[in-house]
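Colleague:
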Amino acid sequence: MAQWQLDEMRFFDPDPGVRRLAYELYRQVRDLPIVSPHGHVDPALLADDSAFPDPTELILIPDHYLFRMLYSQGIPLEALGIPTRDGTAVERDHRRIWRIFCENFHLFSGTPSAAWLAYEFVEVFGLPEKPHRDNADALYDALQAKLALPEFRPRALFERFRIEVLCTTHAASDPLEQHQKLRASGWKGRVIPCLRPDAAFQLDAPGWRAEIEALAGAANIDITSYDAFIAALQNRRDFFRSFGATSTDQGVVSPCTHRLSRPECEAIFQRALHAKADQRDADAFIAHMLMEMARMSIDDGLVMQIHPGSLRNHNREIFDRFGPDKGCDIPLRTEYTRNLQELLNACGNDPRLTLIVFTLDESTYSRELAPLAGHYPAMKLGPAWWFHDSIEGMRRFRQQVCETAGFYNTVGFNDDTRAFPSIPARHDLARRIDADFLAAKVSRNIIDFTEAQTIIHALTVDLVRKAYKL
Amino acid sequence: MAQWQLDEMRFFDPDPGVRRLAYELYRQVRDLPIVSPHGHVDPALLADDSAFPDPTELILIPDHYLFRMLYSQGIPLEALGIPTRDGTAVERDHRRIWRIFCENFHLFSGTPSAAWLAYEFVEVFGLPEKPHRDNADALYDALQAKLALPEFRPRALFERFRIEVLCTTHAASDPLEQHQKLRASGWKGRVIPCLRPDAAFQLDAPGWRAEIEALAGAANIDITSYDAFIAALQNRRDFFRSFGATSTDQGVVSPCTHRLSRPECEAIFQRALHAKADQRDADAFIAHMLMEMARMSIDDGLVMQIHPGSLRNHNREIFDRFGPDKGCDIPLRTEYTRNLQELLNACGNDPRLTLIVFTLDESTYSRELAPLAGHYPAMKLGPAWWFHDSIEGMRRFRQQVCETAGFYNTVGFNDDTRAFPSIPARHDLARRIDADFLAAKVSRNIIDFTEAQTIIHALTVDLVRKAYKL
Amino acid sequence: MAQWQLDEMRFFDPDPGVRRLAYELYRQVRDLPIVSPHGHVDPALLADDSAFPDPTELILIPDHYLFRMLYSQGIPLEALGIPTRDGTAVERDHRRIWRIFCENFHLFSGTPSAAWLAYEFVEVFGLPEKPHRDNADALYDALQAKLALPEFRPRALFERFRIEVLCTTHAASDPLEQHQKLRASGWKGRVIPCLRPDAAFQLDAPGWRAEIEALAGAANIDITSYDAFIAALQNRRDFFRSFGATSTDQGVVSPCTHRLSRPECEAIFQRALHAKADQRDADAFIAHMLMEMARMSIDDGLVMQIHPGSLRNHNREIFDRFGPDKGCDIPLRTEYTRNLQELLNACGNDPRLTLIVFTLDESTYSRELAPLAGHYPAMKLGPAWWFHDSIEGMRRFRQQVCETAGFYNTVGFNDDTRAFPSIPARHDLARRIDADFLAAKVSRNIIDFTEAQTIIHALTVDLVRKAYKL
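As given, the protein sequences belong to chains A, B and C, one line each in that order.
166 is the number of the first residue of the first sequence in this note's numbering; add one for each residue after it.
166 is the number of the first residue of the second sequence in this note's numbering; add one for each residue after it.
166 is the number of the first residue of the third sequence in this note's numbering; add one for each residue after it.
Structural data, given as structure tokens:
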């Protein structure tokens, strides 16, 4: 049976000199705490602190990076136990699903998922066997046995992972019950919420009305006007801040920014309340709310994030049957120079704002994002995101961004994951790739070793703490 | 006189460890047969099996990669013997043309053409001298002497090249006479056609009417309606299949897909028959025919290919005087996420469809194509195409595609050439670059050597046979 | 105190074999003269030949690459002594500004500015100390002492830098007084002007009317019609040529080219004269003037350059208070295939035209620009520009361009700078990166060493002299 190759020098340049430099840099940050300023872990995990039920539930079912790859090779989502919206039966035998996963493990060769899983199996669970048809059952049993132990409960892992802070993402209407429960429990782990009000901003989405009602309930404000809506939103910002929130996030198709007049806002909002808003209204409202969120951030100090350019739920059949986040979100070409101009002209010179911008369109790294972040004091660049949170992807990010924006207009690493046990794997990989990138620069005399030491520390903890005010 | 440097380690990483790994991987696939699932060799070459007339006719005149580069440096196409449409005189002294080619050989430094030609000269013709002003005549004579030998006839080369299957591309109206002749000859080489019905789909092209008439004749169907057109097309699909075809291909400016209603189809088709179709009709019809070809593929099992994004005949003077395929086709920015959505929603989840998509816009590799192929079961990615079928181009393809789509949602290599003697050179280069890419991954402990062995075999033969049903 | 690491092997591949090859190639061109065919040095520097006043005035204030990075990290431009438009007070203590620069020098880690400054400090000024909070004053004094010496006057540096020719850029209305003064001085240095008539072509810009009046005065032609405008422009082309000019340049947002009819030109021009031209008129006029400039180039032999795709003065507050060229110009996605088609169809096959095209949109290198330059005899590609004039940027340019366009459809290096003492640093860096790129190709047996020697010489001097007719 193949053993995982978790070489201590993994991911580093094969040249012995560069490799040695990379390792020296990596060693300086390897054991630093994990600062996780943006992600999608369910806080209930930590609030309940129950044992993970089984390996399939732990690893495969919550991770659309994994099951979308199996799906792409013709394995139905039903066979992988992905729950359907209408409750149609799906495979319930998790051991059987685990076998499919192990039999098809070669599909992940060379993907970041394989690198993360290797770390999880070896470092987190102490099981250095690579999944394969022949060891599927043994591995399932071994993992199952581990999960029953107290040291594999979520809080124990959180502490073992040395997580300094973990940020979880929530709708504006979210009462943050799990955060309340966490706080009440007396457990010391720092878990804070990030406000992502997308559902309340998408006027033309089927769920908008329900979200507005939930928001009204949460804020205890009757949302019958645009002003009331803004008041409710401010209420939620304050509420999230009371739970330690330092940031907001917005997922938008386009990062177009444009302030509407007060009467325009009111007119659009009334149309939406009467279910008469069209696509044009919805787009205008989102562009306006980006302006408005920046204004609010200047007032209350919450760091503003924008994650644009994903066309969600591209595959309507999968969406209709299984719902969102099933690996069917496909990036779009994205424009920042003109789209962000109004927001940056309004707030980009204001030292009170921190605006962190992400992209799925790598052609914008050197063309638009690095020049913008290399000029506007308020703007910083988020790390390589989603499909680009990978070895080659991170390298392209650094290669295309850092000569123009410098290292200090970036904000370190985000794991952005809902797969809790993969968190240390992701941070370890990012630290290695940064170390390797810097080692190559040192070996070419572009920077010296002292600079590289300062930079690797900055990328690992300093920049992220500063940018996210943690 | 400079000798060609056909180092056995060519194209591999200079690091000794990586180079050794690359060579070991390459050796495992070096002698595997050539599977050529897409290309533009004229089947008459193999049907006639005549000797190639002379070096210029063999190498330069059919290869627009070569003469467009000479043209870009101010050498008129007339001086290179490229035939004119109106029969205006061009250089007929092929030895003289050959001299121009040799004198300007430095223009190809670092291009894939130079790498392919080195292989052809050394490995195919046993002439390791690099073309130069001073050896032009001697080289011409030496090549000429080789071409007269029976072992340099097309079929002998086909067998020596170990071509398992060669696919040639033809219009829907093509009677496939050369394939009939090949079949009748009793020769064992497997040469199969691919159906490329572009000429019948471009309603506003000057040659459309003539193609429809030819199609009607070939199918023996009077094409007076859209339904008759579809029937004729199905007839040709069946006819091509009877000659072993396993695939179709479409060249489109944009991969926009959109099904028209039956009355819309009929109305547009009637306007076209009355020479009243405009650009909008033509675009709508192409978008519809992509949907229709996918439907037909689900029915009859032909693999569907799309090659979008080339603006053909950009230089109108050259087109008017010399015709198409003269090095004047220039890529355009191409969008896939929205354009393919309708087709993928209609057929992308259907296991009966294989849709192979290509691009000339490398910015779509990581942004659109890898995420799409990494999700939809029907969709696979064709290899680095045309200008990107090069050492750096293939490397970018692998770097930008494989972390998201994996290796198993790609389909191996296509030589896509009309230059018959360059076929083994192109496959050898592709195998080397894949081996080098995988060796780098092994040396960084991203994959292990066993995985790399499996993958290099898959990329060389397994994936292409499976994707193209060969 | 940290010393600069000006390693003789800097920027080269760490692999010993590749490094040795790179160094051998570099040594062959290291001492060749500097040909600077495009840039923004103020010719008054050389006409006056006065001592540079102080380090801050020499290095920081004219270099928006430097102060925009400081600004991006929250340091006000006022604190950096950048002059305001309305004369509002800014910091006048240049030593104090210098301290800010030195204290924040880490912001430039890994940027090309740091590489250039290292060369300037060590090679030009003989001061190998890296700027830092603790040596700011000492460095200021040491530099100040150097600047007072005759060997650090502009002409002495020009000669020491071995500048064969320096091209400076000027508006159409510029009387070229400094060039007249230079010529009259009897000094032998070759400094020639390049005509950049943008201000006269932007009909809707606030300064257009003033530029037209200045142009009329310079040409001594009353510009009351389009024909008179063209006559004035031709007059200035001739005037610039009389000062040795060999080229023109145009900065445009989009490279759209389209010839207007004579009546359309006249109508638009009259609207502009009456301050009634709108954005659409302005865009149409620019597209037309690209056609017209190409026509004029065919007549008078001036090489034509196009620098498209920068959205100037993105930050309006900075523009209003400090004016243009303050680091607020942000690139836009740019399209060439369709936009240049009309111009290339009209003039691209004409051997009398040399059209050098630049880009800030790297996604166009392999997709559009290399295929165009690899076909049209008139078109050549300018080097990696602005944000991409960097180590990684130059490498991407070569990797993405040279396989398709070859090396011989590129035109060597442009420093494009207004920072006079950085010129040798920039050329040295470019020569090193080209040598390193070629060494990697040699070490992979893609080209041989003899070819690499020819190419490095071509990239350093031959191609630039030929393309710019120097």
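Idealized CB from N, CA, C, for every residue including glycine.
Please list, in chain order, the chain C residues whose beta carbon lies closer than 7 Å to that of A:Phe572.
Modeller: The contacting residues are Ser274 and Gly275.
Colleague: What would DSSP say about B:Met469, mapped onto helix, strand or coil?
Modeller: Strand at B:Met469.
Colleague: Taking all protein chains shown into account, decide if B:Thr155 is buried (16 or more other Cβ within 10 angstroms of its Cβ) or exposed.
Modeller: Beyond the ends of chain B as shown, which are 166 and 635, falls residue 155 of chain B; an answer cannot be given.
Colleague: Consult DSSP for C:Met174 and reduce its assignment to one of helix, strand or coil.
Modeller: Residue state, collapsed to three classes: coil.
Colleague: According to DSSP, which residues form a beta bridge with C:Gln655?
Modeller: Any question about residue 655 of chain C goes unanswered here, given that chain C covers just 166 to 635.
Colleague: Can you pull the chain A residues whose beta carbon is under 9 Å from the beta carbon of C:Gln618, in chain order?
Modeller: Result: empty, since nearest Cβ-Cβ is about 22 Å, beyond 9 Å.
Colleague: Is B:Thr253 buried or exposed, if buried means 16 or more other CB atoms sit within 10 Å of its CB?
Modeller: When all chains shown are included, B:Thr253 counts as exposed.
Colleague: Any beta carbon of chain A sitting closer than 7 Å to that of C:Arg175?
Modeller: Chain A contact via Cβ: present.
Colleague: For B:Glu439, is the classification buried or exposed, using 16 other Cβ atoms within 10 angstroms of its Cβ as the cut-off for buried?
Modeller: Per the sequence shown, residue 439 of chain B should be read as His rather than Glu. B:His439 should be labelled exposed.
Colleague: Hey, out of A:Asp387, A:Pro428 and A:Pro473, whose CA is closest to A:Thr422's CA?
Modeller: When each option's Cα is compared against that of A:Thr422, the closest is A:Pro473.
Colleague: Classify B:Val255 as helix, strand or coil using the three-state DSSP reduction.
Modeller: Coil.
Colleague: When you compare the CB of B:Gln564 with every CB in chain A, is at least one pair closer than 7 Å?
Modeller: It does; some Cβ of chain A falls within 7 Å.
Colleague: Given B:Phe405, which residues of its chain have a CB within under 6 Å of its CB, disregarding the five upstream and five downstream residues?
Modeller: Only Pro358 and Leu360 meet the Cβ criterion.
Colleague: Please give the ranges of any beta strand (DSSP E) in the segment 457-526 of chain B, keeping only runs that are unbroken, at least 3 residues long and fully inside the region.
Modeller: Runs of the beta strand (DSSP E) inside the segment 457-526 of chain B: 468-473 and 520-522.
Colleague: Are the Cβ atoms of C:Leu546 and C:Ala538 separated by less than 7 Å?
Modeller: Their beta carbons are under 7 Å apart, which means C:Leu546 touches C:Ala538 by this criterion.
Colleague: Below 7 Å CB to CB, which residues in the same chain sit around A:Arg498 once its five sequence neighbours on both sides are set aside?
Modeller: Cβ within range, chain order: Asp526.
Colleague: Whole alpha helix (DSSP H) runs in the segment 351-410 of chain C with 4 or more residues, listed along the chain?
Modeller: Runs found: 363-366, 373-384 and 391-407.
Colleague: If you measure from the beta carbon of C:Gly474 to each beta carbon in chain B, is any gap under 7 Å?
Modeller: Not closer than 7 Å to any Cβ of chain B, the Cβ of C:Gly474 fails to qualify, so no.
Colleague: State buried or exposed for B:Ala321, treating a residue as buried only when at least 16 other CB atoms are found within 10 Å of its CB.
Modeller: With fewer than 16 Cβ atoms within 10 Å of its Cβ, B:Ala321 is classed as exposed.
Colleague: Counting pairs of Cβ atoms below 8 Å between the segment 404-419 of chain B and the segment 471-487 of chain B, do you hit three or more?
Modeller: Contact between the segment 404-419 of chain B and the segment 471-487 of chain B is present, because at least three Cβ pairs lie under 8 Å.
Colleague: Let me know if B:Asp363 comes out buried or exposed under the rule of 16 or more other beta-carbons within 10 Å of its beta-carbon.
Modeller: Label assigned to B:Asp363: buried.
Colleague: Less than 7 Å between the C-beta atoms of C:Gly182 and B:Pro179, yes or no?
Modeller: Their beta carbons are under 7 Å apart, which means C:Gly182 touches B:Pro179 by this criterion.
Colleague: From C:Phe585 to C:Ser201, what does the alpha carbon distance come to, in whole angstroms?
Modeller: In a straight line, the C-alpha of C:Phe585 is about 11 Å away from that of C:Ser201.
Colleague: Since B:Thr334 contacts B:His205 with CB under 8 Å, what's their CB separation in whole angstroms?
Modeller: About 5 Å; that satisfies the 8 Å criterion.
Colleague: Anyone know if the C-beta pair for B:Ala600 and B:Tyr191 falls short of 7 Å?
Modeller: Yes, these two residues count as a Cβ contact at 7 Å.
Colleague: Are any of the Cβ atoms in chain B nearer than 7 Å to that of C:Asn504?
Modeller: So, not an interface residue.
Colleague: Quick check: is the beta carbon of B:Phe552 nearer than 7 Å to any beta carbon in chain C?
Modeller: Taking Cβ atoms only, chain C reaches closer than 7 Å to B:Phe552, which makes this a yes.
Colleague: Taking C-beta pairs closer than 9 Å, name the residues in chain B that C:Ile612 reaches, listed in chain order.
Modeller: What C:Ile612 touches in chain B: Gln170, Ser274, Gly275 and Ala279.
Colleague: Taking only runs that begin and end inside the segment 289-338 of chain A, name each unbroken alpha helix (DSSP H) of 4 or more residues, in chain order.
Modeller: Here the runs fully enclosed are 301-312 and 319-325.
Colleague: For A:Gly182 and chain C, any beta-carbon pair shorter than 7 Å?
Modeller: Closer than 7 Å: yes.
Colleague: Is it true that the CB of C:Ile388 sits closer than 7 Å to the CB of C:Ala381?
Modeller: Contact: yes.
Colleague: Classify A:Val200 as helix, strand or coil using the three-state DSSP reduction.
Modeller: Of the three classes helix, strand and coil, the one that applies to A:Val200 here is strand, per DSSP.
Colleague: Determine, using beta carbons only, whether A:Leu537 comes closer than 7 Å to chain C.
Modeller: Chain C contact via Cβ: present.
Colleague: Where does A:Lys545 sit, in a helix, a strand or coil, going by DSSP?
Modeller: DSSP places A:Lys545 in strand when its eight states are reduced to three.
Colleague: With burial defined as no fewer than 16 other Cβ atoms inside 10 Å of the residue's Cβ, what is the status of B:Asn504: buried or exposed?
Modeller: Counting Cβ neighbours within 10 Å, B:Asn504 comes out buried, since at least 16 surround it.
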